[in-house]
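Asks:
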């Protein structure tokens with residue numbers, strides 16, 4: 001088996017039907033049966049409401065444990081030499097397997113392909129484009145941490161051999177950013193990676209999701225993820241690059257706090273009390289991300305002098 005697409009499913013079979021239809025169309029265009037779609041039902045209460053016809057589509061059921069447990073279970077069940085992860089409400093474009101064949105056949109020392117992708121909503125399409133090049137995994141890791149390339153867990157075709165050899169799996173103890181940690185750990189072990197400028201993954205930003213809800217206690221476990229990312233990434237990458245990446249993650253958490261707000265003072269305090277993520281030693285670059293880090297450092301320092309009066313005003317909701 002050459003390629004396995006692993007899809008965690010939790011009460012999203014309505015969306016999965018379109019993935020199965022897409023996959024079966026890909027099978028009909030392919031001359032060999034060396035691709036498989038691995039659906040992991042993570043304890044859904046919703047029953048599947050369509051028939052799976054192709055024997056190249058596998059459905060496995062497990063007790064509910066979260067997306068990381070489902071992906072890890074899918075890794076164990078998958079038979080492909082190369083693995084792809086797809087979220088159940090997202091999509092891949094037609095021809096992705098033929099394209100991967102072409103890339104891997106032309107460069108047989110490659111162990112992974114990172115392709116460009118689109119973030120899509122009802123009102124906009126944001127193209128996340130990377131420049132085409134071949135590099136080592138450590139070089140790709142450095143570029144990922146410095147935001148010179150953008151990678152999503154679903155925009156990767158990765159080597160099964162490498163993740164098994166190095167026991168790379170999703171951290172099931174984390175509620176957030178477990179995919180980021182997986183990307184970092186995988187790239188640290190990758191030998192040669194192809195960065196593609198072709199768009200094959202569509203990340204759908206749906207309205208009404210949890211990202212539009214008030215921040216609660218569970219959301220501060222982002223901080224736990226930042227600690228894990230910081231500790232593990234510094235084993236394989238320059239501290240300055242890791243500090244920069246974690247600073248951008250912390251800024252995204254602040255944006256999340258301001259946009260979604262919270263009623264819980266403990267949530268607010270837990271976030272601002274971990275501002276050290278913003279101040280680690282970094283190497284400044286002439287990029288928009290570096291400018292944002294620089295400006296936020298100044299604003300955060302000024303606001304902290306008044307016990308975060310401004311941040312409280314824009315992010316706290318009175319009960």
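Numbering (UniProt numbering), first residue to last: 1 to 319. Beta carbons: idealized from backbone N, C-alpha and C, even for Gly. Source: prediction; values computed, not measured.
Would you report the Cα separation of residue 245 and residue 284, rounded to the nearest angstrom?
Replies: Each residue's alpha carbon lies about 12 Å from the other.
Asks: Looking at C-beta atoms only, is the number of pairs between the stretch 140 to 151 and the stretch 235 to 249 that lie closer than 8 Å three or more?
Replies: Result yes; three or more Cβ-Cβ pairs closer than 8 Å.
Asks: Suppose you measure from the CA of residue 304 to the CA of residue 198; what does that come to, to the nearest Å?
Replies: If I take the Cα positions, the gap works out to 44 Å.
Asks: If I follow the unbroken alpha helix (DSSP H) through residue 38, where does it start and stop?
Replies: Note, residue 38: premise wrong, no alpha helix (DSSP H); beta strand (DSSP E) at 35 to 42.
Asks: For residue 171, which residues in the same chain have their Cβ closer than 8 Å to its Cβ, ignoring the five residues on either side in sequence?
Replies: Closer than 8 Å at Cβ, skipping near neighbours: 68, 178, 181, 182, 228.
Asks: What's the C-alpha gap between residue 22 and residue 310?
Replies: C-alpha separation (whole angstroms): 49 Å.
Asks: Less than 8 Å between the beta carbons of residue 225 and residue 174, yes or no?
Replies: Yes, these two residues count as a Cβ contact at 8 Å.
Asks: What residue range does the alpha helix (DSSP H) around residue 247 cover?
Replies: Element bounds for residue 247: 239 to 260.
Asks: From this set, 214, 92, 50, which residue's C-alpha is nearest residue 200's C-alpha?
Replies: Of the listed residues, the one whose Cα sits closest to residue 200 is 92.
Asks: Given this structure, state the Cα-to-Cα distance separating residue 1 from residue 274, to the nearest angstrom.
Replies: Each residue's Cα considered, the two are about 46 Å apart.
Asks: Considering only the beta carbon of each residue, do residue 116 and residue 130 sit closer than 8 Å?
Replies: Result yes, Cβ atoms of residue 116 and residue 130 sit closer than 8 Å.
Asks: For a quick check, are the C-beta atoms of residue 13 and residue 48 less than 8 Å apart?
Replies: Against a cut-off of 8 Å, the Cβ pair of residue 48 and residue 13 comes out as a contact.
Asks: Determine the closest residue to residue 151 out of 298, 73, 6, 202, with distance taken between C-alpha atoms.
Replies: For the residues 298, 73, 6, 202, the minimum Cα distance to residue 151 belongs to 202.
Asks: Does the stretch 62 to 80 come within contact of the stretch 39 to 53, defined as at least 3 CB pairs closer than 8 Å?
Replies: Judged by Cβ distances under 8 Å, the stretch 62 to 80 makes contact with the stretch 39 to 53, as three or more pairs qualify.
Asks: Use the C-beta contact count for residue 300: other C-beta atoms within 10 angstroms, 16 or more gives buried, fewer gives exposed.
Replies: Flag for residue 300 reads buried.
Asks: Less than 8 Å between the beta carbons of residue 169 and residue 75, yes or no?
Replies: Going by C-beta atoms, residue 169 is nearer than 8 Å to residue 75.
Asks: Compare the Cα-Cα distances from residue 121 to each of 109, 260, 206, 293 and report the closest residue.
Replies: Per the Cα distances, 206.
Asks: So, at 8 Å on beta carbons, what are the nonlocal neighbours of residue 251 in its own chain, with the 5 sequence-adjacent residues on each side left out?
Replies: These residues qualify, in order along the chain: 278, 292, 293, 296.
Asks: Compute the Euclidean distance between the alpha carbons of residue 158 and residue 313, then round it to the nearest angstrom.
Replies: Taking the straight line joining both Cα atoms gives about 45 Å.
Asks: Out of 79, 20, 89, 25, which one is the CA nearest neighbour of residue 11?
Replies: The residue with the shortest Cα to Cα distance from residue 11 is 89.
Asks: What separation, rounded to the nearest whole angstrom, lies between the Cα atoms of residue 308 and residue 316?
Replies: So the alpha carbons of these two residues sit roughly 11 Å apart.
Asks: Starting from the Cα of residue 290, find the closest Cα among 243, 264, 20 and give me that residue.
Replies: The shortest Cα separation from residue 290 among 243, 264, 20 belongs to 243.
Asks: Which whole-angstrom value describes the C-beta separation of residue 221 and residue 176, a residue pair presumed to lie in contact below a C-beta threshold of 8 Å?
Replies: Rounded, the Cβ-Cβ distance is 6 Å, consistent with contact.
Asks: Can you give the Cα-Cα distance for residue 5 and residue 298, rounded to whole angstroms?
Replies: C-alpha separation (whole angstroms): 44 Å.
Asks: Distance check for residue 81 and residue 166, CA to CA, integer angstroms please.
Replies: So the two alpha carbons sit approximately 15 Å from each other.
Asks: DSSP on residue 54, reduced to helix/strand/coil?
Replies: Coil.
Asks: Pick out the complete alpha helix (DSSP H) segments inside the stretch 256 to 310, 4 residues or longer, and give them in chain order.
Replies: Whole alpha helix (DSSP H) segments, 4+ residues: 265 to 272, 288 to 304.
Asks: Considering just the uninterrupted stretch of the alpha helix (DSSP H) at residue 142, what are its terminal residues?
Replies: Start and end: 137 to 145.
Asks: Answer with buried or exposed for residue 9, where buried requires no fewer than 16 other C-beta atoms within 10 angstroms of its C-beta.
Replies: Residue 9 should be labelled buried.
Asks: Only counting the same chain, and skipping five residues up and downstream in sequence, which positions put a Cβ closer than 7 Å to that of residue 267?
Replies: So the qualifying residues of the chain are 215, 216, 217, 219, 220.
Asks: Measure the CB-CB distance between residue 114 and residue 155 and report whether it falls below 8 Å.
Replies: A contact, by the Cβ cut-off of 8 Å.
Asks: Does the separation of the CB atoms of residue 223 and residue 270 fall below 8 Å?
Replies: Cβ atoms of residue 223 and residue 270: closer than 8 Å.
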